[in-house]
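For reference, the structure discussed in these notes is given below.
4 protein chains.
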Amino acid sequence: MTAVPKSVFEYPVHVYPHHTDYAGIVWHGTYVAWMEEARVAFLRAHGLNFAHWVIAGVDLPVVELTLRYRQSLGMGMDAMVRAWLEPRRGVRLVWQYDIQNQATGETCVLGTVVLAPVDRQTRRVLRRLPAEFQQDLDRLYAE
Amino acid sequence: MTAVPKSVFEYPVHVYPHHTDYAGIVWHGTYVAWMEEARVAFLRAHGLNFAHWVIAGVDLPVVELTLRYRQSLGMGMDAMVRAWLEPRRGVRLVWQYDIQNQATGETCVLGTVVLAPVDRQTRRVLRRLPAEFQQDLDRLYAE
Amino acid sequence: MTAVPKSVFEYPVHVYPHHTDYAGIVWHGTYVAWMEEARVAFLRAHGLNFAHWVIAGVDLPVVELTLRYRQSLGMGMDAMVRAWLEPRRGVRLVWQYDIQNQATGETCVLGTVVLAPVDRQTRRVLRRLPAEFQQDLDRLYAE
Amino acid sequence: MTAVPKSVFEYPVHVYPHHTDYAGIVWHGTYVAWMEEARVAFLRAHGLNFAHWVIAGVDLPVVELTLRYRQSLGMGMDAMVRAWLEPRRGVRLVWQYDIQNQATGETCVLGTVVLAPVDRQTRRVLRRLPAEFQQDLDRLYAE
């Protein structure tokens, strides 16, 4: 995967019935929601309120998503979604994820999500962010 | 339940893995999505495009929802969502649902959903609809 | 609604993007998942591990679900799912919910969920629970 | 992407409210469900009943998932999920997806999903499938 990140955000999740499928384990699409939650919680923890961006007309849609499934998680288990931001590359934000079984510390799912800022109305990629949001990001990368 | 409806809309659904939970049967919240799909498909079949309402600033949120679960549906089964509109009562739309196992014709879930038109910005109930949408509804009830 | 409950369980939820729909507010079916989470967390807080029940062959499916929507919750808001158990009536468990906007304390959604214990294989209602699980429930109601 | 496939399966989808998020477009995780539906429908169209595999103790979990998002799909739009199977490589099944806007024919999302057969109880990868299921797959690749 990547080098050891300087700052990993940990977002705990409990496996509830609605996360599972017929196999008694977490349905593969459920992780996409968990990763979104961890990402938004990470931003909040760094003083960045994503809902404010959206109200101000800037959206941050996912443009790429990759998941590799190694181990399953069963109902009633506790998972830890570990997320970190890759070093800055232009306007895109690249997140790495390592979702672990809390009880064993084993990696269950590895993920990468790439976001790109767009104008909420036109859905076009923004090459420059409004100053306020650029400061949000600068702060995020500085930490 | 209610009297036999004059016009029942039938919306077929196949049970895919993501609809199920650890028990191997349809998760109880999945039916809420199926009922929404059947409702919107019903409206489309009667020439009413819900997305147009929303673009024009009128939303139709659910204000009440009731489900009674009688039988489960397993993965790979085929269900028929049978939906009909109750006779008009003011601005609210009252939908009844009978979700059946296609193979046996048995009722699996009975549901009721009540919608109320609201202004999309203020989220306040609209006592009068814009003329265009009122005509949409009049047509719906006339059939 | 009902009389003031003796013991209310509080389960906090943040509104993430995947909880919302085109209207920018929580999609009406999302609350079904939150209510399930609050219920299972309540049971855990009282020493009852739902996953153990399932492994032992006893399931607790939802047999009735009622939701009344009063106010919407927007993306980025914080909600509090307040849940309590109605006094015992036979083998069924009756849960009441009052989902509030944390910032204002206003009720957004009122809900009722009825569960019935079934044999996991046959899906038939169990008139008597295995002793271990009966003790779980007795403890739950005693508190 | 890959060479033109010999046999593309087309699975139409309508964008319902529950597929969307606050941005009024399909939430990025929704595509994972659509891809699963298209895959299972493809198998059914080729006489392979996935639920039978599961009952017989063979599961086909997703081991890798990649999505690239190019254009959004708004509520009320019609999409076509185009899916095909890559030439056989060992026991893994590699699916390619091109999800298009039906009205314009433009590609909205490109996806790849890799499945691996596992024993349902042990979750270990099966190097050999039971003869019945091997024949299912041989038929799938022969077409």
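Top line first, the protein sequences correspond to chains P, H, L and W. For the first sequence, our numbering gives the first residue as 215, with consecutive numbering after it. For the second sequence, our numbering gives the first residue as 215, with consecutive numbering after it. For the third sequence, our numbering gives the first residue as 215, with consecutive numbering after it. For the fourth sequence, our numbering gives the first residue as 215, with consecutive numbering after it. Backbone N, C-alpha and C define an ideal beta-carbon position, used for all residues, glycine too. All figures in this text were calculated on a predicted structure; none of them were measured in a lab.
{"Item": "According to DSSP, is P:Thr336 part of a helix, a strand, or is it coil?", "Value": "coil"}
{"Item": "Given that H:Ala247 touches chain W, what residues does it touch there, using C-beta distances under 7 Å?", "Value": "His232"}
{"Item": "Any Cβ of chain L within less than 9 Å of the Cβ of P:Ala330?", "Value": "no"}
{"Item": "Locate the beta strand (DSSP E) running through H:Leu324, then write down its first and last residues.", "Value": "321 to 329"}
{"Item": "Quick one: what does DSSP say P:Gln316 is sitting in, helix, strand or coil?", "Value": "coil"}
{"Item": "Can you find the residues in the same chain that come closer than 7 Å, C-beta to C-beta, to W:Arg306, ignoring five residues on each side of it along the sequence?", "Value": "Val328, Leu329, Ala330"}
{"Item": "Return the Cβ separation of P:Tyr245 and P:Val323 in integer angstroms, given the expectation that the two are a contact with Cβ distance under 8 Å.", "Value": "5 Å"}
{"Item": "Per the DSSP calculation, H:Val246 is bridged to which residue(s)?", "Value": "The partner list for H:Val246 (beta bridge, DSSP) is empty, contrary to what the question assumes."}
{"Item": "Listing by chain order, which chain H residues have their CB less than 9 Å from the CB of P:Asp235?", "Value": "Pro231, His232, His233, Thr234, Asp235, Tyr236, Gly238, Trp241, Met289"}
{"Item": "Using a beta-carbon distance below 9 Å, is L:Thr321 in contact with chain H?", "Value": "no"}
{"Item": "Can you find a C-beta in chain P that's less than 9 Å from the C-beta of W:Asp350?", "Value": "no"}
{"Item": "With contact counted as at least three CB pairs below 8 Å, one residue from each stretch, are the stretch 248 to 267 of chain W and the stretch 248 to 257 of chain L in contact?", "Value": "no"}
{"Item": "Closer than 9 Å, CB to CB, is L:Asp292 near chain H or not?", "Value": "no"}
{"Item": "Between the beta-carbon of P:Thr321 and the beta-carbon of P:Thr280, is there less than 9 Å?", "Value": "no"}
{"Item": "Counting C-beta neighbours from all protein chains within 10 Å, is the total for W:Tyr236 16 or more, i.e. buried, or is it exposed?", "Value": "buried"}
{"Item": "Looking only at its own chain, which residues have a Cβ that is under 6 Å from the Cβ of H:Glu278, when we skip the five neighbours before and after it?", "Value": "Val328"}
{"Item": "So with Cβ pairs under 9 Å, would you call L:Leu279 a contact of chain H?", "Value": "yes"}
{"Item": "Taking 8 Å as the limit between beta carbons, can you name the residues of its chain near P:Arg353, skipping five residues before and five after?", "Value": "His260, Gly261, Leu262"}
{"Item": "Step through the CB atoms of chain L and report whether any lies within less than 9 Å of the CB of P:Glu250.", "Value": "yes"}
{"Item": "Return the Cβ separation of W:Val339 and W:Ala293 in integer angstroms, given the expectation that the two are a contact with Cβ distance under 8 Å.", "Value": "Not quite, the Cβ-Cβ distance comes to about 33 Å (not below 8 Å), so this is no contact."}
{"Item": "Cβ atoms of W:Tyr225 and W:Arg296: under 9 Å apart, would you say?", "Value": "yes"}
{"Item": "I need the boundaries of the beta strand (DSSP E) containing W:His228, first residue and last residue.", "Value": "223 to 228"}
{"Item": "Start and end of the beta strand (DSSP E) containing P:Glu278?", "Value": "276 to 283"}
{"Item": "Could you check where the beta strand (DSSP E) with L:Val268 kicks off and where it finishes?", "Value": "Per DSSP, L:Val268 belongs to no beta strand (DSSP E); it is in the alpha helix (DSSP H), 264 to 269."}
{"Item": "Determine the chain W residues that contact P:Pro275 at a beta-carbon separation under 9 Å, and present them in chain order.", "Value": "Ala237, Ile239, His242, Tyr283, Ser286"}
{"Item": "Just the Cα atoms here: how many angstroms apart are W:Thr216 and W:Tyr355?", "Value": "For W:Thr216, the predicted model reports a pLDDT of 47, less than 50, meaning its position is unreliable and no value from the coordinates is stated."}
{"Item": "Taking the straight line between their C-alpha atoms, what separation do you get for H:Trp309 and H:Leu274?", "Value": "13 Å"}
{"Item": "According to DSSP, is L:Val254 part of a helix, a strand, or is it coil?", "Value": "helix"}
{"Item": "Answer yes or no: does any C-beta atom of chain W fall closer than 9 Å to that of P:Val268?", "Value": "yes"}
{"Item": "Might you give, ordered along the chain, the residues of its own chain that have their beta carbon closer than 8 Å to the beta carbon of P:Arg282, omitting 5 neighbours on each side?", "Value": "Val323, Leu324, Gly325"}
{"Item": "Please list the terminal residues of the continuous beta strand (DSSP E) segment that includes L:Asp292.", "Value": "292 to 299"}
{"Item": "According to DSSP, what are the bridge partners of W:Val308?", "Value": "W:Val328"}
{"Item": "Quick check on this structure: which residue in P:Arg337, P:Arg341, P:Gly288 has the alpha carbon closest to the alpha carbon of P:Arg303?", "Value": "P:Arg341"}
{"Item": "Which residues share a DSSP beta bridge with P:Arg303?", "Value": "P:Arg306"}
{"Item": "Considering only C-alpha positions, which residue in the set H:Leu351, H:Thr234, H:Tyr311 is nearest to H:Leu343?", "Value": "H:Leu351"}
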